[in-house]
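*Asks:* Numbering (this note's numbering), first residue to last: 69 to 207. Glycine residues also receive a C-beta, built at the ideal position from the N, C-alpha and C atoms.
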Amino acid sequence: MKQEEGMKPAQPGAPVETAATSTEAGGSFVVNLDRIYFDFDKFDITAPSRETLAKDAGIIKANPGVKVVIEGHCDERGTSEYNLALGERRASAAKKYLVSLGVDESRLYTISYGEEKPADAGHNEAAWAKNRRVQYSQE
Numbered sequence: 069m070k071q072e073e074g075m076k077p078a079q080p081g082a083p084v085e086t087a088a089t090s091t092e093a094g095g096s097f098v099v100n101l102d103r104i105y106f107d108f109d110k111f112d113i114t115a116p117s118r119e120t121l122a123k124d125a126g127i128i129k130a131n132p133g134v135k136v137v138i139e140g141h142c143d144e145r146g147t148s149e150y151n152l153a154l155g156e157r158r159a160s161a162a163k164k165y166l167v168s169l170g171v172d173e174s175r176l177y178t179i180s181y182g183e184e185k186p187a188d189a190g191h192n193e194a195a196w197a198k199n200r201r202v203q204y205s206q207e
């Protein structure tokens, strides 16, 4: 059941807003990983996202004590239930790809926030494109 039917998709490979780095803060490493973005109603990993995830995988592997929570997010279109499921598929797709790049699966966790934590509160395609994303937090 597609809840986002009839809306124009965002351009694939939207710009990345953060940089993949690791820094030491208070004796522990803080890992800053790049977000990846998704087309409308999709959870496929695009070519630009694969490049981003490859960089992220390198940072995660270089910091073996770090456990990462992969957060799936959606835009506001669709029901809450639909968006929670889509966000989970997005987070799971990113996790699967990171594991394929050699990241230890036991260090990765997924969660979906659906539409509950928008990066942009706008109600237009530019805002929606920013909200269809996977981002990370550290456990």
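Just tell me which of Cys142, Ala187, Val134 has its CA closest to the CA of glutamate 173.
*Replies:* Closest option to glutamate 173, Cα to Cα, is Val134.
*Asks:* Taking only three categories from DSSP, how would you classify isoleucine 128?
*Replies:* Reduced to three states, the DSSP call for isoleucine 128 is helix.
*Asks:* For serine 180, collect the residues of the same chain with a Cβ closer than 7 angstroms to its Cβ; drop the 5 residues on either side in sequence, then sort them by chain order.
*Replies:* Gly140, Leu152, Gly155, Glu156, Ala159, listed in sequence order.
*Asks:* Give every residue of the same chain whose Cβ lies closer than 7 angstroms to the Cβ of glycine 182, excluding the five residues on either side of it in the sequence, and list them in chain order.
*Replies:* Closer than 7 angstroms at the Cβ level, and outside the excluded window around glycine 182, lie Cys142, Ser148, Asn151, Leu152, Gly155.
*Asks:* DSSP on alanine 93, reduced to helix/strand/coil?
*Replies:* With a pLDDT of only 49 at alanine 93, under the threshold of 50, the placement of this residue in the model should not be trusted; the figure read from the coordinates follows. Three-state result, alanine 93: strand.
*Asks:* Classify lysine 198 as buried or exposed, calling it buried when 16 or more other Cβ atoms lie within 10 Å of its own Cβ.
*Replies:* Buried is the call here.
*Asks:* Tell me whether cysteine 142 counts as near the ligand MG, meaning its Cβ is closer than 7 angstroms to at least one heavy atom of that ligand.
*Replies:* Questions concerning the ligand MG fall outside what the structure shown contains, since it holds no ligand whatsoever.
*Asks:* Kindly identify the DSSP beta-bridge partner or partners of serine 174.
*Replies:* Its beta-bridge partners do not exist; DSSP assigns none.
*Asks:* So, with DSSP's three-state summary, where would you put glycine 146?
*Replies:* Glycine 146: coil per DSSP, three-state reduction.
*Asks:* If distances are taken between C-alpha atoms only, which option among Ala194, Ser168, Arg175, Ala161 comes closest to valine 202?
*Replies:* The residue with the shortest Cα to Cα distance from valine 202 is Ala161.
*Asks:* On the premise that leucine 121 lies in contact with isoleucine 104, defined as a C-beta separation below 8 angstroms, what is that separation, rounded to the nearest angstrom?
*Replies:* 6 angstroms between Cβ atoms; contact.
*Asks:* Residue range of the alpha helix (DSSP H) that glutamate 193 falls in?
*Replies:* Its alpha helix (DSSP H) spans residues 193-199.
*Asks:* Can you give me the C-alpha to C-alpha distance between arginine 145 and alanine 189, rounded to a whole angstrom?
*Replies:* Spanning the two alpha carbons is a distance of roughly 12 angstroms.
*Asks:* Measure the CB-CB distance between lysine 129 and glycine 170 and report whether it falls below 8 angstroms.
*Replies:* In this structure, glycine 170 lies closer than 8 angstroms to lysine 129 by Cβ.
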